[in-house]
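Asks: Under our numbering, the first residue of the sequence shown carries the number 241, and numbering increases by one thereafter.
Glycine included, every Cβ here is placed at the ideal spot set by N, Cα and C.
Let me begin by handing over the structure; questions about it come next.
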Amino acid sequence: MFENMNEQQAREEILKQVAAYCDKYHNTKKEFKEGDRIPYASRVYDSEEMVNLVDSSLEFWLTAGRYTDEFEREFSKYLGVRFCSLVNSGSSANLIAFMALTSPLLGERQVKRGDEVITVAAGFPTTVTPVIQYGAVPVFVDVTIPQYNIDVTKLEEALSDKTKAVMIAHTLGNPFDLEAVKAFCDRHNLWLVEDNCDALGSVYEIDGSKKLTGTIGDIGTSSFYPPHHMTMGEGGAVYTNNPLLHRIVRSFRDWGRDCICPPGCDNFCGHRFDKQYGQLPLGYDHKYVYSHFGYNLKATDMQAAVGCAQLKKFPSFVEKRRHNFAYLKELLSDCADKLILPEAAAHSNPSWFGFLMTCKEGVDRTKVVNYIESHGVQTRMLFSGNLIKHPCFDDIRGTEAYRVVGGLEQTDRIMTSTFWVGVYPGMTDEKIEYMAKVIHEALEG
Ligand SMILES: Cc1ncc(COP(=O)(O)O)c(C=O)c1O
241 MFENMNEQQA REEILKQVAA YCDKYHNTKK EFKEGDRIPY ASRVYDSEEM VNLVDSSLEF
301 WLTAGRYTDE FEREFSKYLG VRFCSLVNSG SSANLIAFMA LTSPLLGERQ VKRGDEVITV
361 AAGFPTTVTP VIQYGAVPVF VDVTIPQYNI DVTKLEEALS DKTKAVMIAH TLGNPFDLEA
421 VKAFCDRHNL WLVEDNCDAL GSVYEIDGSK KLTGTIGDIG TSSFYPPHHM TMGEGGAVYT
481 NNPLLHRIVR SFRDWGRDCI CPPGCDNFCG HRFDKQYGQL PLGYDHKYVY SHFGYNLKAT
541 DMQAAVGCAQ LKKFPSFVEK RRHNFAYLKE LLSDCADKLI LPEAAAHSNP SWFGFLMTCK
601 EGVDRTKVVN YIESHGVQTR MLFSGNLIKH PCFDDIRGTE AYRVVGGLEQ TDRIMTSTFW
661 VGVYPGMTDE KIEYMAKVIH EALEG
């Protein structure tokens, strides 16, 4: 097949075939019939992603390489932040973001075991997991409906002399009250970690300028797991404007090492053998000096290659999500006597991850969801509902491993009465209309 071709020509030939394969077998549009499965989310891609993936695999560099560099550069540019680190999942991104705050390099602001982190229980577990695993204390505050985000009127009550940080997600794309939370953090010298895993592309206006969520606090995190706003299969990112936090994030991601040489590159700084660290002998190889108890949470270059192609399409994904959300909300506007419909936070233009609804009194969520599911429309709960009620809390429930401030009435209401359907960019108006019809029927039944 490759006769009379050099390597470059052979590669181009393979990639041409890959593009043709993708066009023929992956991007076939099937006509929608009522009752066909409508997933809450799915990958949206074309031959560009597949060509990049194969291109990267032909290079066989495997670990972080040129596609990773490109992704980190382009993603930073998109977000308008100085530093971005690609990692292997959104949960890893949260782990690193939190662990970065435990670095001794932060002096007085280091989060120590027993220190408190304000968060919510109505969300995804791995926003909270690293806090518990490290031995810091999550302090749970209730949320509001229909924003499904932290109730900022409870923040001052949640504060103690041990509070060091606030770490919360922008729920399903709807930004939390960044103005109030940021002002609270600034007032009390607290770190703010924005779990932006479900909100990539959401815009929030603060201090007179429009910014993307994830870039307003000290650290932001993303997930690129398939249902999310863009995908690499598995993947995530940690971003910040703070050079010291960036250095610490890289250290935690890359085995805890002190050295900043990229993989496969030696003596980048020119001081590999001439410094003294910890109690090591003078001149000990800097490549093997560890300033943190770190991990290896890097992604592969194949994941980054897919991400580079997704990023180019990303602005159109956000617009489609906004359109789908607005259309579904319009079609369901007459259900307000039975359902609480979602509402965007003040000062925001969300990049919606899904369409959240809460059943009003007298409407049985289980019945509604069963009807919708049995008519082909996939539904989801708001992840854990109330995280404290899960078996993972059995061992620590009622102990000092966490604190609850006030009641969690709205959190519990979400656990019993809330569900959501998708608005992902692969959805058509026809599917949205069908979803609205099925939801209407479910409420009548
Ligand atoms: C808010 C939030 N944070 C973190 C994550 C974890 O991301 P990943 O699945 O990539 O680990 C998720 C996952 O869906 C999420 O919804």
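Pull up the distance between the alpha-carbon of LEU581 and that of ILE456, whole angstroms please.
Replies: Cα-Cα distance, rounded: 27 angstroms.
Asks: Curious, which full-length beta strand (DSSP E) runs of at least 3 residues does the segment 638-675 contain?
Replies: Counting only runs of 3 or more, we get 658-662.
Asks: Return the first residue and the last residue of the alpha helix (DSSP H) that ILE555 is part of.
Replies: It should be pointed out that residue 555 corresponds to Pro in this sequence rather than to Ile. Taken as a continuous stretch (DSSP letters only), the alpha helix (DSSP H) holding PRO555 covers 541-571.
Asks: Which residues in the same chain have their Cβ closer than 8 angstroms to the Cβ of GLY354, if we skip the five residues on either side of it in sequence?
Replies: For GLY354, where only same-chain residues beyond five positions count, the Cβ hits under 8 angstroms are GLY375, ALA376, VAL377 and LYS402.
Asks: My assumption, with CB atoms under 8 angstroms, is that LEU683 sits in contact with VAL608. Please give the rounded CB distance.
Replies: That pair is a contact at about 7 angstroms.
Asks: Quick check: ALA539 and VAL327, are their CB atoms within less than 8 angstroms of each other?
Replies: Contact flag set, yes.
Asks: Which partner residues does VAL291 have in the DSSP bridge list?
Replies: The partner list for VAL291 (beta bridge, DSSP) is empty, contrary to what the question assumes.
Asks: Taking 8 angstroms as the cut-off, does the segment 406-414 touch the segment 376-392 (at least 3 CB pairs, one atom from each stretch)?
Replies: With the cut-off at 8 angstroms, the segment 376-392 and the segment 406-414 touch.
Asks: Roughly how many angstroms lie between the CA atoms of LEU255 and ALA585, to the nearest whole one?
Replies: If you take the alpha carbons of LEU255 and ALA585, they lie about 44 angstroms apart.
Asks: From which residue to which residue does the beta strand (DSSP E) around CYS499 run?
Replies: Neither: CYS499 is in no beta strand (DSSP E) and is coded neither H nor E.
Asks: How long is the line joining the alpha carbons of CYS575 and ASP417, rounded to whole angstroms?
Replies: Approximately 27 angstroms, taken between the alpha carbons.
Asks: Would the beta-carbon of CYS324 be found less than 7 angstroms away from any heavy atom of ligand 1?
Replies: No, the beta carbon of CYS324 sits no closer than 7 angstroms to any heavy atom of ligand 1.
Asks: So which of HIS563, ARG653, VAL617 and ILE336 has the shortest CA-CA distance to GLU601?
Replies: The residue with the shortest Cα to Cα distance from GLU601 is ARG653.
Asks: Pairing CB atoms from the segment 648-666 with CB atoms from the segment 620-629, are three or more of them under 8 angstroms?
Replies: The answer is yes - the segment 620-629 touches the segment 648-666, with three or more Cβ pairs under 8 angstroms.
Asks: Rounded to whole angstroms, what is the Cα-Cα separation between ARG277 and LYS677?
Replies: Cα to Cα, ARG277 sits roughly 14 angstroms from LYS677.
Asks: Note down the Cα distance separating ASP506 from ARG497, rounded to an integer number of angstroms.
Replies: Distance between the alpha carbons of ASP506 and ARG497 is about 14 angstroms.
Asks: Looking at the secondary structure, which residues open and close the beta strand (DSSP E) in which PHE380 lies?
Replies: Run containing PHE380: 377-381, per the beta strand (DSSP E) assignment.
Asks: By DSSP, does ASN589 sit in helix, in strand, or in coil?
Replies: Three-state result, ASN589: strand.
Asks: When the Cα of ASP697 is compared with those of GLU271, ASN389 and PHE533, which residue comes out closest?
Replies: Residue 697 lies beyond the stretch modelled for the chain, which goes from 241 to 685, so this question has no answer here.
Asks: Take the Cβ of LEU522 as the centre, count every other Cβ of all protein chains shown within 10 Å, and call the residue buried at 16 or more, exposed below.
Replies: Label assigned to LEU522: exposed.
Asks: Indicate, with yes or no, if ligand 1 has a heavy atom lying under 7 angstroms from the CB of PHE623.
Replies: Yes, ligand 1 has a heavy atom inside 7 angstroms of this Cβ.
Asks: Drop a sphere of 10 angstroms on the beta-carbon of THR639, count the other beta-carbons inside from all chains shown, and report buried for 16 or more, exposed for fewer.
Replies: Looking at its Cβ environment, which holds fewer than 16 other Cβ atoms inside 10 Å, THR639 is exposed.
Asks: Within a Cβ cutoff of 8 angstroms, which residues of the same chain sit near ILE488, ignoring the five residues on either side of it in sequence?
Replies: Result list for ILE488: ALA340, SER343, LEU345, LEU346 and HIS532, in chain order.
Asks: Does the distance between the C-beta of TYR465 and the nearest non-hydrogen atom of ligand 1 fall short of 7 angstroms?
Replies: TYR465 Cβ: within cutoff of ligand 1.
Asks: Run the CB neighbour count on ASN389, radius 10 Å, all protein chains shown included, and call it buried at 16 or more, exposed below.
Replies: So ASN389 ends up on the buried side.
Asks: Would you give the residue range spanned by the alpha helix (DSSP H) that ALA333 belongs to?
Replies: 330-340 is the extent of the alpha helix (DSSP H) around ALA333.
Asks: Keeping to the same chain, check which residues put their C-beta closer than 6 angstroms to that of VAL357; ignore five residues upstream and five downstream.
Replies: So the list reads VAL371, ALA376, PRO378, ALA405 and MET407, once near-sequence residues are dropped.
Asks: For SER463, write down the residues that DSSP places opposite it in a beta bridge.
Replies: GLY476, per the DSSP bridge assignment.
Asks: Below 8 angstroms, how does it come out for the segment 443-458 and the segment 587-602: are there three or more Cβ pairs, yes or no?
Replies: In short, these stretches touch, since the Cβ pair count reaches three.
Asks: Short check: CB of ASN440 to CB of HIS469, under 8 angstroms?
Replies: A small correction: the amino acid at residue 440 is Leu; Asn does not occupy that position in the sequence shown. Their beta carbons are under 8 angstroms apart, which means LEU440 touches HIS469 by this criterion.
Asks: Quick check: is any heavy atom of ligand 1 less than 7 angstroms from the C-beta of ALA361?
Replies: Because no heavy atom of ligand 1 lies under 7 angstroms away, the Cβ of ALA361 does not count as near it: no.
Asks: From TRP660 to PRO503, what does the alpha carbon distance come to, in whole angstroms?
Replies: Each residue's alpha carbon lies about 42 angstroms from the other.
Asks: Can you determine whether any heavy atom of ligand 1 sits closer than 7 angstroms to the C-beta of ALA409, and answer yes or no?
Replies: Result yes, Cβ under 7 angstroms from ligand 1.
Asks: Candidates GLY476, LYS629 and THR471: which alpha carbon is nearest GLY454's?
Replies: Checked all of GLY476, LYS629 and THR471; the closest Cα to GLY454 is GLY476.
Asks: Can you check DSSP and say which residues form a bridge with ILE446?
Replies: SER449, per the DSSP bridge assignment.
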